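Sequences listed follow chains A and B, in order. Per the numbering used here, residue 496 is the first one in the first sequence, and the count goes up by one each step. Per the numbering used here, residue 496 is the first one in the second sequence, and the count goes up by one each step. Backbone N, C-alpha and C define an ideal beta-carbon position, used for all residues, glycine too. This structure is a prediction, so every number in the text was calculated from the model and none was measured. Read the structure below first, then the notes.
Protein chains: 2
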Amino acid sequence: MALARWIRISTEIRWKNPWWSYCLDRYRLSTGYEGEYHYVSTPGSAMVIPVLEDGRIVMVKQYRYLNRRDSLEFPAGGVQEGTDAATTARNELEEETGYTAKEFLHLGAFNPFNGVTDEICQVYLARELSAGDSRPDVMEEFERVLLSRDDVNSMIANGTIWDGMSLAAWCLFLKRGVEL
Amino acid sequence: MALARWIRISTEIRWKNPWWSYCLDRYRLSTGYEGEYHYVSTPGSAMVIPVLEDGRIVMVKQYRYLNRRDSLEFPAGGVQEGTDAATTARNELEEETGYTAKEFLHLGAFNPFNGVTDEICQVYLARELSAGDSRPDVMEEFERVLLSRDDVNSMIANGTIWDGMSLAAWCLFLKRGVEL
């Protein structure tokens with residue numbers, strides 16, 4: 496069964512900050528119901544699962560201000576104007592971990608927060624890595640953490656990894672069944 | 496290594512809609528750097544993975560306006576004022592699928608969109624289900640879909656399931672290794 500489409504009546508950017516825009520649409524359903532949709536609009540993002548030759552996974556630990564807690568995540572970032580998700584993946588990998596990769600494999604995509612944002616996050620596997628120095632920007636402090644696949648799985652099970660986008664990316668990685 | 500904490504200087508609600516608030520904090524790093532953090536504040540959410548006695552998983556298909564696409568997801572919703580995540584889980588399960596459950600098991604929690612929101616989503620497994628009628632609210636139209644575990648995994652691999660929160664919840668479910 497195809498679900499009913501919603502018709503956009505109007506759209507408005509209420510507030511724009513350097514990272515995303517607060518938008519407000521008015522829409523109409525086929526029933527005649529009209530409503531408001533408030534949402535976060537972004538140009539998309541990219542997340543990278545970097546895998547070393549010995550099978551270990553590269554993650555980054557960073558302080559997450561909004562929950563006042565350290566968080567272990569895969570390198571990721573928002574797509575900047577004039578660039579694309581694949582370039583973002585390369586840049587974020589290098590900025591956050593110092594690694595560059597010869598091979599990027601697209602694993603899939605998801606919307607991290609479906610009711611609230613139009614953002615689509617493209618997920619990549621990065622292989623054939625070479626180590627270098629990370630270059631975080633002024634607000635960022637990253638600690639590179641190398642983990643076995645079993646470590647990642649345990650840290651998901653025990654709640655150490657609580658970043659939803661990293662959980663979603665890991666799920667894509669596991670289910671795509673990429674041979675390492 | 497403990498990462499540096501950020502100090503909040505001020506906080507302000509810029510805009511409040513019925514679902515979330517657009518907030519703006521000013522913060523200071525230990526380096527003296529001061530910046531602005533724009534974010535979506537919510538009272539949290541709950542997501543439920545309902546498992547039938549025969550092992551099939553209950554998902555809901557709904558139209559996602561922000562990406563103009565149908566989406567297959569686990570029942571979920573925002574925590575309403577004066578209630579909590581466990582109650583939200585029960586209510587959303589019944590509203591979206593018609594099922595009620597005798598057993599709820601807490602699987603873990605995650606932040607779906609770590610850079611942008613303070614929301615924490617609590618994830619539950621629901622068992623001992625009894626079927627009833629779904630009661631969507633006026634904006635919602637749900638189609639109940641019953642899937643085997645293998646179906647869910649295939650639909651993740653082929654991109655049919657692209658809801659990040661459902662991917663994250665499924666990852667928690669798989670890694671918690673709950674016996675069914």
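Residue i - partner residues in DSSP beta bridges
i, result
"Val546/B", "Ile552/B"
"Asp565/A", "Tyr558/A"
"Ala604/A", "Gln617/A"
"Phe637/B", "DSSP lists no partner for Phe637/B."
"Arg622/A", "Glu598/A"
"Thr578/B", "Looking at the DSSP assignment, Thr578/B forms no beta bridge with any residue, so it has no partner."
"Tyr532/B", "Asp520/B"
"Ala572/A", "Rather than Ala, the amino acid found at residue 572/A in this sequence is Gly. BP columns for Gly572/A point to Ala541/A."
"Tyr642/A", "In the sequence under discussion, the amino acid at residue 642/A is Leu, which differs from the Tyr named in the question. According to DSSP, Leu642/A bridges with Ile552/A."
"Lys511/A", "Ser516/A"
"Thr612/B", "Val535/B"
Coil, strand or helix - residue i by DSSP
i, result
"Leu662/A", "helix"
"Ile651/A", "helix"
"Thr506/A", "strand"
"Glu519/A", "According to the sequence shown, residue 519/A is Leu rather than Glu. It is a strand residue."
"Thr595/A", "strand"
"Leu498/A", "coil"
"Thr526/B", "coil"
Beta-carbon proximity check, residue i vs residue j, cutoff 8 Å
i, j, result
"Tyr532/A", "Tyr560/B", "yes"
"Ile659/A", "Ala663/B", "In the sequence as presented, Ile is not what sits at residue 659/A; that position holds Gly. Cβ atoms of Gly659/A and Ala663/B: closer than 8 Å."
"Thr537/A", "Glu614/A", "yes"
"Pro545/B", "Ala580/B", "no"
"Val535/A", "Phe569/A", "no"
"Ala541/A", "Ala499/A", "no"
"Leu567/A", "Val673/A", "no"
"Asp565/B", "Tyr558/B", "yes"
"Asp628/B", "Gly593/B", "yes"
"Tyr517/B", "Tyr517/A", "yes"
Can you find at least 3 beta carbon pairs, one from the stretch 547 to 563 of chain A and one from the stretch 637 to 653 of chain A, that sit closer than 8 Å? Short answer: they touch.
Do the stretch 502 to 509 of chain A and the stretch 585 to 593 of chain A meet, that is, are 3 or more Cβ pairs less than 8 Å apart? Touching, no.
Return the residues of the stretch 587 to 618 of chain A that lie within a Cβ-Cβ distance of less than 9 Å from chain B, sorted by chain order. Residues of the stretch 587 to 618 of chain A that bring their beta carbon within less than 9 Å of a beta carbon in chain B comprise Gly603, Ala604, Phe605, Asn606, Pro607, Phe608, Asn609, Gly610, Val611, Thr612, Asp613, Glu614, Ile615, Cys616, in sequence order.
Touch test, the stretch 654 to 671 of chain B against the stretch 572 to 586 of chain B, Cβ-Cβ under 8 Å, three pairs minimum: Using a C-beta cut-off of 8 Å, the stretch 654 to 671 of chain B makes no contact with the stretch 572 to 586 of chain B, since fewer than three inter-stretch Cβ pairs fall below that distance.
Quick check: the stretch 525 to 532 of chain A against the stretch 602 to 609 of chain A, are at least 3 beta-carbon pairs closer than 8 Å? No: fewer than three Cβ pairs fall under 8 Å.
Could you please tell me which residues of the stretch 529 to 560 of chain A, in chain order, have their CB closer than 7 Å to any CB of chain B? So the list reads Gly530, Tyr532, His533, Tyr534, Val535, Lys556, Gln557, Tyr558, Arg559, Tyr560, given in the order they occur along the chain.
On the three-pair Cβ rule with 8 Å, is the stretch 648 to 655 of chain A touching the stretch 617 to 630 of chain A? The stretch 648 to 655 of chain A is not in contact with the stretch 617 to 630 of chain A.
Against chain B: residues of the stretch 648 to 662 of chain A by CB proximity under 7 Å: Within the stretch 648 to 662 of chain A, those residues whose Cβ lies closer than 7 Å to any Cβ of chain B are, in chain order, Asn648, Ile651, Ala652, Gly654, Trp657, Asp658, Gly659, Met660, Leu662.
Closer than 7 Å, Cβ to Cβ, to anything on chain B: give me those residues from the stretch 573 to 588 of chain A, in chain order. Across the stretch 573 to 588 of chain A, no CB contact with chain B closer than 7 Å is found for any residue.
Which residues, in chain order, does the stretch 496 to 518 of chain B contribute to contact with chain A at a C-beta distance below 9 Å? Under the 9 Å Cβ criterion, the stretch 496 to 518 of chain B contributes Met496, Ala497, Leu498, Ala499, Arg500, Trp501, Arg503, Arg509, Trp510, Asn512, Pro513, Trp514, Trp515, Tyr517.
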